Every structure is written in C-alpha cells, then in structure tokens.
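Heads up: the protein sequence lines correspond to chains A, B, C and D, in order. All residue numbers for the first sequence refer to this note's numbering, where the first residue is 777 and numbers rise by one. All residue numbers for the second sequence refer to this note's numbering, where the first residue is 777 and numbers rise by one. All residue numbers for the third sequence refer to this note's numbering, where the first residue is 777 and numbers rise by one. All residue numbers for the fourth sequence refer to this note's numbering, where the first residue is 777 and numbers rise by one. Take a look at the structure set out below.
Number of protein chains: 4
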Amino acid sequence: MIIIMKHGAAQGEVANVVARIEQMGCQVHLSEGEERTIIGVIGNGRPIDGEQLARMSGVERAVPVLRPFKLASREFHPSNTVFPLNGVSIGGRQVITMAGPCAIEDRDQLLDTARAVKDAGAHVLRGGAFKPRTSPYSFQGMGHEGLKLLAEARQETGLPVITEVMAPEQVPLVTTYADILQIGARSMQNYALLHAVGESQRPVMLKRGMMSTVEELLMSAEYILSHGNDRVILCERGIRTFEPYTRNTLDLSAVPLLKQLSHLPVVVDPSHGTGKWELVAPMAMAAVAAGADGLIIEVHRSPETAMSDGAQSLKPSRFSDLMSSLALVAQAVGRTI
Amino acid sequence: MIIIMKHGAAQGEVANVVARIEQMGCQVHLSEGEERTIIGVIGNGRPIDGEQLARMSGVERAVPVLRPFKLASREFHPSNTVFPLNGVSIGGRQVITMAGPCAIEDRDQLLDTARAVKDAGAHVLRGGAFKPRTSPYSFQGMGHEGLKLLAEARQETGLPVITEVMAPEQVPLVTTYADILQIGARSMQNYALLHAVGESQRPVMLKRGMMSTVEELLMSAEYILSHGNDRVILCERGIRTFEPYTRNTLDLSAVPLLKQLSHLPVVVDPSHGTGKWELVAPMAMAAVAAGADGLIIEVHRSPETAMSDGAQSLKPSRFSDLMSSLALVAQAVGRTI
Amino acid sequence: MIIIMKHGAAQGEVANVVARIEQMGCQVHLSEGEERTIIGVIGNGRPIDGEQLARMSGVERAVPVLRPFKLASREFHPSNTVFPLNGVSIGGRQVITMAGPCAIEDRDQLLDTARAVKDAGAHVLRGGAFKPRTSPYSFQGMGHEGLKLLAEARQETGLPVITEVMAPEQVPLVTTYADILQIGARSMQNYALLHAVGESQRPVMLKRGMMSTVEELLMSAEYILSHGNDRVILCERGIRTFEPYTRNTLDLSAVPLLKQLSHLPVVVDPSHGTGKWELVAPMAMAAVAAGADGLIIEVHRSPETAMSDGAQSLKPSRFSDLMSSLALVAQAVGRTI
Amino acid sequence: MIIIMKHGAAQGEVANVVARIEQMGCQVHLSEGEERTIIGVIGNGRPIDGEQLARMSGVERAVPVLRPFKLASREFHPSNTVFPLNGVSIGGRQVITMAGPCAIEDRDQLLDTARAVKDAGAHVLRGGAFKPRTSPYSFQGMGHEGLKLLAEARQETGLPVITEVMAPEQVPLVTTYADILQIGARSMQNYALLHAVGESQRPVMLKRGMMSTVEELLMSAEYILSHGNDRVILCERGIRTFEPYTRNTLDLSAVPLLKQLSHLPVVVDPSHGTGKWELVAPMAMAAVAAGADGLIIEVHRSPETAMSDGAQSLKPSRFSDLMSSLALVAQAVGRTI
C-alpha cells in the first residue's frame, strides 16, 4: 500500500498517518518530494485496510500494491488447476465442450438434444432447471422435474451434467443431480450462494457478472475457494457495454488475462456473450484460439420454438459442424477437443 | 408486438409467422412494402412471446410495443404510491431523509450517530448489519448483534430503521427488526430474495443494480409487487461507467424518468452514487431539485476510522449543514423536508 | 511517480530503473518490502514519462502522483476564472443561460426563437450553422448563410451568440460571427481544432466527449489554454452508458468534481444530456442545484418540425416557465439567474 | 419506419401523422389495436425522417426498419470488397498483417523495425508521423520528417506503408507518402476529415471510435464511400468499458458482425485493443479465428524506450513467433497469411 498525501499536507497529518500505519504493525518508508509526500506501507503479508488510511486527514489517495485475491492467484499457486470429470480433465490440454438447451422444457427436447450433442462430441450436457428471468411473467424453469430429466439424460448418454443453482437453499437438491454447479452472471456476487457452493463437494462454474470486472470475478472465486472448494471454473460470458447490436460484448481478452492472473480453468460462453446464433461459431473458434480451456454453448433442436434464448441457440447440425471446425483451431494452438 | 421480416423473406415464411400469431389467439395486421413486410400483432392484453417469433425463419426482429412491466407502471396505476411510516409519508410532498453509518460497528458508534442524524432532522436511521463485500477478507457486518443495536437505537431516538437483507433465509429475522427492508444493488436480480421480501409485510427499498437499466429495475420491482407487497421504494445509487474519478456515475435523470414511468417513490443515494464525501452535498441538492422523494446518506461520527465506505461518509456536522441547505432547495421545488 | 516492481524482480532490474530515473534528473526513494520493491520518483516539477518506466524489465506498473493537467487545474490557479461577456459575467455568481434551436433552419425560425428566449431571460443565443451528423444523408446545417442569420438575430435581440465550429479552416469565418466558439462532443479530441481555437481571440465552450473522462476533458482544455486562450468554458452534456431510455446519461457529479479540480466555468447541457424534452426541466434544475455556472438548452418554436433534435427541444412557453423555476433554485443555492 | 402511437392517442393525432407521412410521398398501413395504434410507413426507397415523426403529438416512438447505411451494406453490395495493394489483396483469402512502431522516432528505429517486420512476413509497414495525444505535453510525432523516413523504409523494404492523417489540410501531404491513409479512433466522426479522405485516391483504414457503435462505424464509412472512395477498410481497435485491467475491451464479435452487415474488409488492432503486449498474441490469433481479414500490430525494437505505447508493443522476435502461430490458425480457418 502506498499513501499519497495531498499537496500541502501538514506535518501533523503525515505524522498521524505514520502513527496509524505503525499501530497496524506495519513499517513505513517516507518519501518527501517538493510537491507531495508519499508514504510506503510495508505490511509483510499483513492485510492493510487502505480505505481507512485513504480517509485520514491530508491523504489524497491510497494505492494498493498487492492484488486483493490470494487463493485464486497464480502468484500463490503457479501451476494450472486441473481436475478430472468423468474421464476428461478440466483445465488440461483438451478443450472441454459443454452443450445443451438453455432451459429444460420437456423430456423429448432434452433427451433428443442430449443425444445430438453427445454424437457431435460434447463432453458435458448443459440444461437449466432453475432459470433467472428478468420478468416475473417469463417461464421460470421446470425446477425439480427438470433435474430429474437431467439425471435421465445423463443415464442415457453418459454425459456429466452442469446446471444452475440460484439460491443457497437449492444447493443440497441440485448437488444430488449435477456434476458441476453453475453460478449465473446475476448471482456472481450473491455471497450467501457462494458460501453454500464453497461448502459443497461439487465443481463450480462461476460466470462473470455482466457488470463485473475481472478482479471482482476473481474475488468471487476467492469466496468459493476460501470455503474449501478448490474446483472452481471461471466463465467469461460477455459484459454490458453501449453496443446494441449484440446482447453483450464478449470480452475475450479476459481469457489470456485470467490465465495470467489465476491458475483456474477458463471457459467461454459465446451464446450469451453475443446473443446471436450467427456469431456463436466465429466467437467459439476465437475463444479457443485465445486460450480458453472450454466452451459452453446453447444447442436446441428447434431454436424457433425454444422457451428461452432461442435467438442464440445452435441447431444440432450446426453444432456438429462447429465441433469439426473447433478441432482444427484447437490443433493449431496445440490442443485437442 | 411488431414483426419485421427480412428483406426478401419468402411468402411461406410470412404465412408461417401469421399462422403462429393466430395460434396464440392474436390478430394480425399485415403491411407489405417493397422492401420489407411488417406484421403487426394485436394481442388485446394477451402476453406475446416476441422472442419466439423473432427466431422464426425469415424474421429480422420483433419490436415490443408495450412496456414489459405492469404493476409498477404509471399507465396501470396513474396516481403516486404514498404510504405512511412512523408519522411521515413516503412518496408524498415531504422529502424523506434516511441517514446513518454504512455499517454498524459498535453500540456507541451507532447510538451517537443515530442521535446526531435525528437532531439534524433525518426521518429514518440507516445502518448495515449484513454487509455484502467484494472481498471475503473484509468486515462482513455484525449480523444479528447489529440488528439488536439497531433496535436499541430506534427505541432511543424514535427513528424507524432501514437495513439490508442479503438472503431469503434472513428475511424473517431482519423483518422483526427493520421498518424498511433494503435490497442492495448486487441483489437487485436475486429473484429468490425478491420473492421472499415480496411476501413479507414490510416496505422494501430496492436499489438499482450498478449495471442495470431503468427497465430492469422496474422489472425487479414487478417481482416484489407481484408477490403481494405494494410498498416498494426505488433507489438510484449510481451506475458503472468508464469514469474513474467517481466510484459510480449517479444517474439523476433516472429520477424524473422513473417518476414518469412508475407510480413508486424514488430515493437517491448520493453516497454510493459518488463515493466521495465532497460530492455528496451537491448531488443531494441536485437530487431534490430533480424531483427525488427521498435521500439515503451515509453519516459517520469519524469517517476516517469507519470500517467501510468512510470515504463517502459525512460527519454529523456536515450532514446537519446539508439538511439546512436541502430545506431551501426543497422549498424552491414546492416541497418540504 | 511511483514505480511498483514485480514480485521477485531482480536486483539488477531495480538498479536499471533507478539509473534511468537518475538520468532523467530526478531523485529516487527506495522502499524494499518483503513482497515488493517500491521506487518513489521525486521530480520536483520535471515531467516524468511514466509510460517509459512502466515498460522496463521487472516493473509491474507506474502510478502517477500528480494530475496531468496544469493550466486547467485549481491547484495552479486557485480562484475561479470569471470573464465578462456582453454585460454579464461567465463563471460568476449569476447562472448564465444559453438557449436557441439546435440547428438554424431559416430566418423566421431563428428570429422568432431568438426573440422568445430573450423575452424569457436567456443571456446567450445558441444556434448551429455547421452540424456534425452521424449520417451523410442528414441535414448538415446552413453553413455561412446560417452564420449571417445568427448575426442578424444578435443585432435584433442584443444577445451574444454561441455556435459550433467543426474544422480548423472554419475558425476564421466562425470567429467573425460568434461571441463564443463551441467545440462539440465529437471534436473534443480533434487536436488541430483545439489548436486553432486556442489561437483565436474568442471564448471557447468545450463539450465533454460522450465517452471521455473528466480528466480527458481537462486535458483537452489544457490544449486550448496552452495555445494562449484562457477563456475556456467546460460543458457536461451526457456520457454514453448501457441505459437505452435516455440518449445519454447526464453525469451531474462532473459539475462539483470539475469545480473542485479546475477553476474554469462549468455549463450543463440537459437537452443532449437526456435526449427527451420531458427530462430537460428537472435536469436543468438539478444542474443549478449541483453548482453549474450555466446551462445550454435547446428551444424550438415547433419541435415537431425541427430538422434535428426536436425530441429534446423545449417550446418557448415551457422554456419561459423553466426560467421562473430556475430562479427559485438559483436563489436556494445563493445565486441569481 | 413504424410509428407507435401513445396509449390513448386521439383520432386527430393519428390523422395528423398519417397526413404528414402522405405529404412525404409515402404510403400508410394502419393497425388499430385495443391498446395502441401502429402506423406502418411504406417509403419504397425514400428517406424518411423518423425523428420528425417521433416528435409529433400523440406519438410514442418511431422504429426504423431499414439500416441507415447503404453503400457500406452487404444488402446493397453482396460480394466482398477486395482490392489489390502492392501484390497482395486486401479483403481476400489471405490475412494481411500490418506491423511497425506506434510512432516514428528516428531513422534507425524505423528502418530496423521495418526490416524486422518484413523478415517476419508482414505485408504493410505501419508508423505514425502525426500522433494524436491526450496531453499537449506528450510527443506529438515527427510530422513531415517522419513521412520522409517512411518513404525511405518503403524504398528499402518494398513494403507499402500506412500512416495516420489527423486533419483535412494534412491529406494532400500524407497522400504523397502513404499507401493507406489511417483515420484514428478519435477522428472517426471528424466529418471534414472523412470528406477529405473520401475525395483522395488512396485506400483508407477507418478505426472504430472507442465510444462508437458498429452502426456508427459503418455510417462513418458511408461518409467516405459517398465521397467517391470505395477502398475502405474497417478496423476494430477496442471500445471503452468499465474494465480497468485492459486499456480497452477488444470487441472481437464486431468482426463477424461487420462481415455480416457489410462487404468491407475488417482488420483488428490487438495492440490498442488490449494495451498489454502479453495479450497481443492470443488476441491476434483469436481475431484470425473470428474471421478478420487483417491485423495491425505494434512492433518496436526496444519497447522499454519507445516514445509512445511501449507497453503494448511486441519485440521483433516475439512478432516473428506470432507470425508462425498465426499461419497455423489461418490454415485452420481456410486462409493463408
């Protein structure tokens, strides 16, 4: 932490800041320029509350030196987190594909789609049973019935399943059905929920909030990690900008950035990230070229009748074509799919 | 709903869309231009799933004609929602001021601040017992102990209290202590929580998410209203933009916009909205001039030692000065404080 | 400038940075923590190229300590810039109102509107002769003919005029007609244009770019000031955000922020800032309450036939009512209008 | 154009709108629902001023049906624009790479870098002689001297050159030296400049403004095209968002979107798009995978002493490695480099 004093800060103000820092058990390095006095805080690992120091009289601002996340950081854990799931490795050389419908709508729709994505080479089946919807009047998902259908689809295809959990009290139920728990973008800072999945025994895929920085995503991962669950997958799914042609702006630069800052696997969701099925294939290919460890893609057997997100869903045949194209890109960057 | 067909859409595609609309029980008005065919959907009150129609073959896009919120809309409920709270009216001619510390830290801090804001003329005491924090390593609030102190402060000062509730399972506990339940910005789309407070018997202040549109705020209000609770207060607290000098960008134009679109009372939070105490007073005055029904302001007896948000907290003496200035602005726009 | 070295930076890397700083003629203060080495650069007024230092081997980042603007800063020039214009003072106790049509369309339209805004109490007439338009197919303004009409309106009403200049080669022509040169939001970083108006003998109103920070606005003012023109007026006119209900998001917190950082007068444009005439009056009142030194408001005798920006223009009668309301708010904050 | 009337609009208001539309020479299709009246405007190619109609009494909003760009649109010009440049084709199957220093600093720096990028396989040399800088105190480029060095580098390496032009009066000078004129992000809506390069005989690379939508980029291209120059290259270079870790957010989804909406070639600038050299290579690969027709990349022989943008510049050896990796990705998507 570095404390920058205001131009013309009084001697006494500097002395007060120094005293406070020493009370915290930290050391002080003082630099007195003609224009400003700068105070370096040497914490040697102690957490320092910069916000408090920033508010002291005569202080202009406090500049943090260390990143605020630790368990999620690559500095703390230099090698990649890799963990097995149903015969494949998440975070390894192979790019993992999760595919399926946005929402589970009925038995036939789910099973048909599950078979189709399995045939196309997907590794994990996705499907929402609890759906966060902006409007209280929209379809809210099939709930427990949907989870049962998911279990049936897993049984039949052998694919592990990922599904969203929206509230802490749903965690026990969803955990009995899901191989990976998904935390949706709107729940990224639902701390009670992060706490609950942090105590579960399931891998968690944490989606970046549409309004959240890369650092905040890592801080939310830190919540899960600090509750004992070290199988966290990060997911970039588009952020909100001023651009109206796409539903969100898919921030692919977050992929190499997250890989640099953290050891956790990074998955990209080009379906929500663009909101338009025509853009899903090019952005999926771009994601793999940028270094993503996986993709999560919405596939629906008849997008035009889907109960949610049809505009961004691929038909099974297009998904199958995409898997072939992805194999070439993966190979070009030294990976498999 | 209006359906805009693609340039060169086939006759059969148009016919399919028309058939689907008629299946929904709606009427169709067809406009065939040389460049595009446009299909008007006359629903006469029926909910129309435009997303589904937009995905049909040959369709370019679907344009909604009606606003997606109903219970929250002024069209549906032309007169202002006004309700009494402890001798004052929320949503009426008087501008309501809620003030107090960001977080409850200890008994003396809370009681001292409570007395100070009461003396300065505040109508409601604010204080956080459950604190949503970006970092798992930051102070998370005093929890139930904090709520008890809040009850003591209410007892002593006679001020009703507002405090945040972060999870559905906390609602029963917080409801026994709070006069107004606060839904924080990060929880604006926590639907399980909106459901829970919608079924409670307490007024709810719903804060706009930091990257949520005005329409999404009203849709979240719609969740609460549709669960039977009609005492909802909307709160503008700043949105996230590219500007780094302020913590958020306080969107004051949301005040007259919300008053136009909705009948619900609108409160402004200039403390979170700016993140800098020097900007709180001018923005509080601007909020009243723009038509806000209330203000929520962080006051701390010694901001430089506050455990959260000290940089944006006013000292009691400054808050008292602000209340005097606000009285003049309120009078200038035909209101009292 | 403070240089933060990477975790584990080598001794030699630190030595190289120190040597480079000393080459620049600056002094060094070294703080070696267990986690990081921090190097303070004491420039004593010398400009330091932090970007260069940030790129050296072993450096994590460089944190500037001083603001990058000088002539525009209040530290450098503590008292407000106030200058006379046609009998009123810009930047003084009186709030200045500039009003008129977005674009000059014909003689009658301009003269009628000019008389109306004069009668309502406006101090300056606005009107665009050169119009920056997103589409090459939209009306681009009357050009020189429009300037002549502006001169006629000034003659008749006695109001000084403000009009936009879009290119360096237009500056001599526009200067012969305008009392204040306006730099539009899209031109805020048109440096050739800033240079040209910096060398003119006219006051300049510089509008904030729709996605420019407060600091960038001040840097663009610095360009004008550094070319010898010290009569610069800053104008907040809304920034671009994700919110679609308003054309822009009017950032009123920029008003007290600019007044704190700079000595230059600050004007607010609630017409472009909101894009909706219904929001103009409440936001104009809020701007005055927040401390604005002036307002610029679009007024059109028949907004529904205006050739540009009709949706955000006030009719003369509404503008006249607004002036009465503004007088009360101005009085409440110790000013006149 | 579709006109949506307000709930409860009067018969006379509808009649007035209809009359105005008919005056414009357009036909009307009326849809009267129980909740709203909708008026379809059939223009058959006539430009319709929706803004004017939107302001008429009783109108809620006007929804455009056609895109506002024509010459730039793929509907108007279905096949890709491809044009030759010095033996290669811009917009064809080959991915074109432009590389070189951000700013031309001296003869050795430019010639060394030019040779290096040529050896690595680049097709075009970039180098800035006129530099738009936020601060008037930063290095503003070598100007005419820089252009002469560029000519020398072209002579020696045989590479065509691209360089920025910042003002209309510079166009004749820059045209005598440059093979491609670059319009920088801050100039995207400098209409006098677009006009000037539209009348020049040189290809133009138009960079997206950091605050500009895809549609606005295409409208600025439309300005150039409508002045007779049909060799326009679009460039995505990152947009401004709330994310602070990267300088801009590179919007790669703009690549397939622009290819879908327009026939013009699309180039990506991962250097400005990320601001960090570590992210340049992964984002360059992602751009090619997403379908970009070219890349523009900053290369500097010693980034740590570069006079601008060193943090985002690659060393020649890294650029050479990147070219090898790009060849594999290009091949994977059926292209060459």
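Heads up, the beta-carbon is just placed ideally off N, CA and C, and yes, glycines get one too. Remember, predicted model here, so these are calculated numbers, not experimental data.
Residues are counted here when their Cβ sits less than 7 Å from a Cβ of chain C; for the segment 923-934 of chain B the count is zero. Annotation: the continuous beta strand (DSSP E) that includes P860(A) extends over 859-861. In the DSSP annotation of this structure, the continuous segment of the beta strand (DSSP E) that includes K983(A) starts and ends at 980-983. Using a Cβ distance threshold of 7 Å, K894(C) and L935(C) count as a contacting pair.
Annotated three-state conformation of H1048(C) is helix, per DSSP. Taking V1043(B) as reference, the option from T1017(B), E1054(B), I1073(B) with the minimal CA-CA separation is I1073(B). Its chain contains H1076, P1079, E1080 as the residues whose beta carbon lies nearer than 7 Å to that of G1086(D), once the 5 sequence neighbours on both sides are disregarded; these appear in chain order. Taking 7 Å as the cut-off, the beta carbon of I797(B) is found no closer than this to the beta carbon of V835(B). Here S1100(D) is exposed, its C-beta having fewer than 16 other C-beta atoms within 10 Å. In the DSSP assignment, R1007(D) is bridged to no other residue. Straight through space, the alpha carbons of A927(C) and M1083(C) are spaced by roughly 21 Å.
The alpha-carbon of P1046(D) is positioned some 35 Å away from that of H1048(B).
Taking the CA atoms as reference points, I1113(D) sits about 41 Å from E827(B).
Under a 10 Å Cβ-count criterion, R1023(B) is classified as buried, with 16 or more other Cβ atoms of the shown protein chains found around its own Cβ. Of all C-beta pairs linking the segment 859-878 of chain C to the segment 1019-1033 of chain C, fewer than three are shorter than 8 Å, placing the two stretches out of contact.
Judged by DSSP secondary structure, T1017(A) falls outside any beta strand (DSSP E); it is assigned neither H nor E. According to the DSSP secondary-structure assignment, Q916(A) is paired through a beta bridge with no residue. Excluding the 5 residues flanking it on each side, A997(D) has same chain C-beta neighbours closer than 7 Å at A848, L982, V1008, L1010, L1040, in chain order. Residue contact with chain B for V990(C): present (Cβ-Cβ distance below 7 Å to some residue of chain B).
In this structure, the alpha-carbon of V941(C) lies about 12 Å from that of G917(C). At a cut-off of 7 Å, the C-beta of F845(D) has no neighbouring C-beta in chain B. By the criterion of a C-beta distance shorter than 7 Å, G867(D) is surrounded in its chain by N856, T857, V858, F859, P1041, D1069, once the five residues flanking it on both sides are discounted. Identification of chain D residues near G816(B) by a Cβ-Cβ cut-off of 9 Å yields I778, H805, S807, G809, I814, G816, ordered along the chain. For Q885(D), there is no enclosing beta strand (DSSP E); the enclosing alpha helix (DSSP H) has its first and last residue at 883-896. In the DSSP assignment, R902(D) falls within the beta strand (DSSP E) that extends over 900-902. Put simply, the CB of Q1088(B) is far from chain A, with every gap to its CB atoms at 7 Å or more.
Annotation: the continuous alpha helix (DSSP H) that includes E827(C) extends over 826-830.
Less than 7 Å separates the beta-carbon of R984(C) from that of L993(C). Cβ contact annotation for S807(C) (same chain, cutoff 6 Å, sequence separation greater than five): I814, in chain order.
The alpha-carbon separation between G1004(D) and G922(D) amounts to approximately 29 Å. In summary, H783(C) is exposed, with fewer than 16 beta-carbon neighbours lying within 10 Å of its beta-carbon over all protein chains present. Taken in chain order, the complete alpha helix (DSSP H) segments of 4 residues or longer contained in the segment 1050-1108 of chain C are 1053-1066, 1092-1108.
For T1022(C), the residues of chain B that pass the 9 Å Cβ criterion are V990, D1027, S1029, A1030, L1033, in the order they occur in the chain. In the structure shown, M995(C) falls within a helical segment according to DSSP collapsed to helix, strand and coil. Cβ contact annotation for H853(C) (same chain, cutoff 8 Å, sequence separation greater than five): L847, H1039, in chain order.
The residues I938, P979, M981, in chain order, have a CB closer than 6 Å to that of I956(C) in the same chain once the five nearest residues on each side in sequence are set aside.
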